[in-house]
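Enquirer:
Protein chains in written order, with this note's numbering: chain B, 1 to 150; chain C, 1 to 377.
And the structure:
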């Protein structure tokens, strides 16, 4: 295991340095100064916006304690979130394509349709799950009653 | 406000087993993305020792489609992975300074490099497919260099975590079900993440798989849109090319130099090729091309079929003005100097009067508005 770990680490450092050398070779000084700002921004966006937002929404849902179907609600919200995240650049650049064949869709309409579909699917899943849970509770209850009678 | 501690995150889904399972999927996506990206890089600036075959004709279409698809699918996987290990961000390094504390700091730095590079790489990669460049550094060079840094940092990360990964590689005999307060079990979380990956994948892959075009609501490209039903990356206007008049001449320079008018080119034996336009941005679409085989033109000017050719366009821009056709592509019977597309004369935006179309090549090398071919060797 130690040997494998050492090999991995050495290869990793070598490849990383090769990438760094490529950056230093091909980018201007000006670009090299600004790149770390963008790299830092990427970390901030993930670790201090997107993930806390996900955790926060999960926490609020738990607080509300909608019951055993909360997982379905959470999954639906996650799907709405991830598709919206990817749609943001498309929505921002709507109609600003380099030529008419780039970004030719009506992204606002398509995004609304997509979110509506996800929410609808989520609601359907919720109804099915509620019904199944109730039936399970019901049959458990009737088994209990039968057991009491005998 | 005080920063939370590692213990403040109560969900049992913040667990090494979950991190291992999601990390595995993310690792596969990163490796696929890296290898297909490397292939695309070699296509565009190949060192001499790299030989790229001209077949299978749709190879680049598949690899570049996979490149963009794996990148998009990696977005929910990366977020899920970061979510799983998020409490670790608040773990305090041991104090006073020790060997253990030092190794923890080094490990954190490697993770910082990995997360920063991967998150930025996925972002600029996706935004590039919109042909939007809001950042102050060159896209191609940065995207390529960051890819090596990501793979390097990933190997270091694997080296650090190897004992943890091997421990949690397999599913434990007793899986703790629905322990999360929100009722999300491990299995439920895996399903949710897989679903998110599938969702963004299906909503975007239609730009390379025309059958799914109608639902590609998260893709910048839609198949079938554009002159002659085919999308365009660089229009004639972008390239500074106006129409070619009656004085237009095509020249091929080999052992002999031959010059043709457009009508004379049309009188040469014509061949048909069914070949896709497959762009670095990941979109692709098949099309029917008609024109003269490059190998036939080579024979006319007395050069062998497997000659290296310099293709010269009427474009003014230095980067696109010329391209090189390696011998195996020149010799391939599918490679044409195309004059017609999908049953009609080439549209000006598709390279009228003549363009190169070859199998297994990125769109950026399918040079348009060609007026000169030079046999290099």
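The beta carbon of each residue, even a glycine, is placed where N, CA and C say it ideally should be.
Using a Cβ-Cβ distance under 8 Å, would residue 120 (chain B) count as near chain C?
Expert: False, the Cβ-Cβ gap to chain C never drops below 8 Å.
Enquirer: Residues of chain B with CB under 9 Å from residue 163 (chain C), in chain order?
Expert: Those within 9 Å of residue 163 (chain C) in chain B are 1 and 5.
Enquirer: For residue 126 (chain C) versus residue 52 (chain C), is the C-beta distance shorter than 8 Å?
Expert: Not closer than 8 Å, so no.
Enquirer: In angstroms with no decimal places, state the Cα-to-Cα distance between residue 107 (chain C) and residue 134 (chain C).
Expert: Those two C-alpha atoms are separated by around 32 Å.
Enquirer: Kindly list the residues whose CB is nearer than 8 Å to the CB of residue 60 (chain C), restricted to its own chain and excluding five residues on each side of it in sequence; keep chain order.
Expert: Taken in chain order, the residues that qualify are 39, 40, 43, 278, 360, 361 and 362.
Enquirer: Express the C-alpha separation of residue 199 (chain C) and residue 179 (chain C) in angstroms, rounding to a whole number.
Expert: The predicted model places residue 179 (chain C) with a pLDDT of 48, which falls under 50 and marks its position as unreliable; any figure quoted below should be read in that light. One C-alpha to the other measures close to 26 Å.
Enquirer: If you compare alpha carbons, which of C:120, C:159 and C:112 is closest to residue 38 (chain B)?
Expert: Taking only the C-alpha atoms, the option nearest residue 38 (chain B) is C:120.
Enquirer: Could you give the distance in angstroms between the alpha-carbon of residue 79 (chain B) and the alpha-carbon of residue 118 (chain B)?
Expert: Going from the Cα of residue 79 (chain B) to the Cα of residue 118 (chain B) covers about 7 Å.
Enquirer: Mind checking if residue 104 (chain B) is an interface residue toward chain C, Cβ cutoff 8 Å exclusive?
Expert: True, the Cβ-Cβ gap to chain C drops below 8 Å.
Enquirer: Going by other Cβ atoms of all chains shown within 10 Å of its Cβ, with 16 needed for buried, is residue 285 (chain C) buried or exposed?
Expert: By the neighbour-count rule (16 or more Cβ atoms within 10 Å), residue 285 (chain C) is buried.
Enquirer: What does residue 195 (chain C) touch in chain B if you count any residue whose Cβ is under 8 Å from its own?
Expert: Correct list: 75 and 79.
Enquirer: Look at residue 203 (chain C) and residue 75 (chain B) and say whether their C-beta atoms are less than 8 Å apart.
Expert: No, they are not a contact pair.
Enquirer: Can you tell me the Cβ-Cβ gap for residue 256 (chain C) and residue 302 (chain C), rounded? I've got them flagged as a contact below 8 Å.
Expert: Right, the Cβ-Cβ distance comes to about 5 Å (below 8 Å), so this counts as a contact.
Enquirer: Under 8 Å, Cβ to Cβ, is there at least one residue of chain B near residue 83 (chain C)?
Expert: Chain B contact via Cβ: present.
Enquirer: Can you round the beta-carbon distance between residue 77 (chain C) and residue 116 (chain C) to whole angstroms, since I take them to be within the 8 Å contact cut?
Expert: Between residue 116 (chain C) and residue 77 (chain C) the Cβ distance is about 17 Å, and since that is not below 8 Å, they are no contact.
Enquirer: Measure from the C-beta of residue 179 (chain C) to each C-beta in chain B and report whether the shortest distance is under 8 Å.
Expert: With a pLDDT of 48 at residue 179 (chain C), under the threshold of 50, the modelled position of this residue cannot be trusted, and the question is left open.
Enquirer: Can you list, in chain order, the residues of its chain whose CB lies under 7 Å from that of residue 227 (chain C), leaving out five sequence neighbours each side?
Expert: Within the same chain, residue 227 (chain C) has close Cβ partners 347, 349 and 350.
Enquirer: Of the residues that make up the region 310 to 343 of chain C, which ones have a beta carbon closer than 9 Å to any beta carbon in chain B?
Expert: Listed in sequence order: no entries.
Enquirer: Where does residue 148 (chain C) land, buried or exposed, given buried means 16+ other C-beta within 10 angstroms?
Expert: Result: buried.
Enquirer: What residues from chain C crowd round residue 55 (chain B), counting only those whose CB sits closer than 8 Å?
Expert: The answer, in chain order, is 9, 83 and 86.
Enquirer: Residue 38 (chain C) by DSSP, collapsed to three states: which one?
Expert: DSSP places residue 38 (chain C) in helix when its eight states are reduced to three.
Enquirer: Roughly how far, in whole angstroms, is the beta-carbon of residue 152 (chain C) from the beta-carbon of residue 16 (chain B), given that I think they are within contact range, below 8 Å?
Expert: Rounded, the Cβ-Cβ distance is 3 Å, consistent with contact.
Enquirer: Could you compute how far the alpha carbon of residue 274 (chain C) sits from the alpha carbon of residue 230 (chain C)?
Expert: Their backbone Cα atoms lie some 13 Å apart in a straight line.
Enquirer: According to the Cβ coordinates, are residue 224 (chain C) and residue 129 (chain C) closer than 8 Å?
Expert: It is not a contact, given that the beta carbons lie outside the stated cut-off.
Enquirer: At least one CB of chain B closer than 8 Å to the CB of residue 232 (chain C): is that the case?
Expert: Interface residue, yes.
Enquirer: Does the distance from the CB of residue 325 (chain C) to the CB of residue 311 (chain C) come in under 8 Å?
Expert: Result yes, Cβ atoms of residue 325 (chain C) and residue 311 (chain C) sit closer than 8 Å.
Enquirer: List the whole-angstrom C-beta distance separating residue 338 (chain C) from residue 354 (chain C), where the pair is believed to meet the contact cut-off of C-beta under 8 Å.
Expert: So it is a contact: roughly 7 Å between Cβ atoms.
Enquirer: Can you have a look at residue 315 (chain C) and say buried or exposed, based on whether 16 or more other CB atoms are within 10 angstroms of its CB?
Expert: Buried: at least 16 other Cβ atoms inside 10 Å.
Enquirer: What do you reckon, are the CB atoms on residue 134 (chain B) and residue 72 (chain B) nearer than 8 Å?
Expert: No; because the gap between Cβ atoms is not below 8 Å, this pair is not in contact.
Enquirer: For the beta strand (DSSP E) holding residue 286 (chain C), just list the boundary residues, first then last.
Expert: 284 to 293 is the span of the beta strand (DSSP E), which, as asked, contains residue 286 (chain C).
Enquirer: Based on Cα-Cα distance, which residue from C:265, C:191 and C:219 lies nearest to residue 206 (chain C)?
Expert: The shortest Cα separation from residue 206 (chain C) among C:265, C:191 and C:219 belongs to C:219.
Enquirer: Using beta carbons (cut-off 8 Å, strictly below), is residue 125 (chain B) in contact with chain C?
Expert: No, its Cβ sits nowhere closer than 8 Å to a Cβ of chain C.
Enquirer: Let me make sure I understand the geometry here. Which of C:62, C:372, C:5 and C:239 has the alpha-carbon closest to that of residue 378 (chain C)?
Expert: Outside the modelled stretch of chain C, which goes from 1 to 377, sits residue 378 (chain C), for which no answer is possible.
Enquirer: Just by C-beta distance, which residues in the region 107 to 122 of chain C are closer than 9 Å to chain B?
Expert: Listed in sequence order: 110, 112, 113, 115, 116, 117, 118, 119, 120, 121 and 122.
Enquirer: Using the three-state DSSP reduction, which class does residue 276 (chain C) fall into: helix, strand or coil?
Expert: Residue 276 (chain C) falls in the strand class under three-state DSSP.
Enquirer: Just to confirm, is the Cβ distance from residue 27 (chain B) to residue 20 (chain B) under 8 Å?
Expert: No, the Cβ-Cβ distance between residue 27 (chain B) and residue 20 (chain B) is not below 8 Å.
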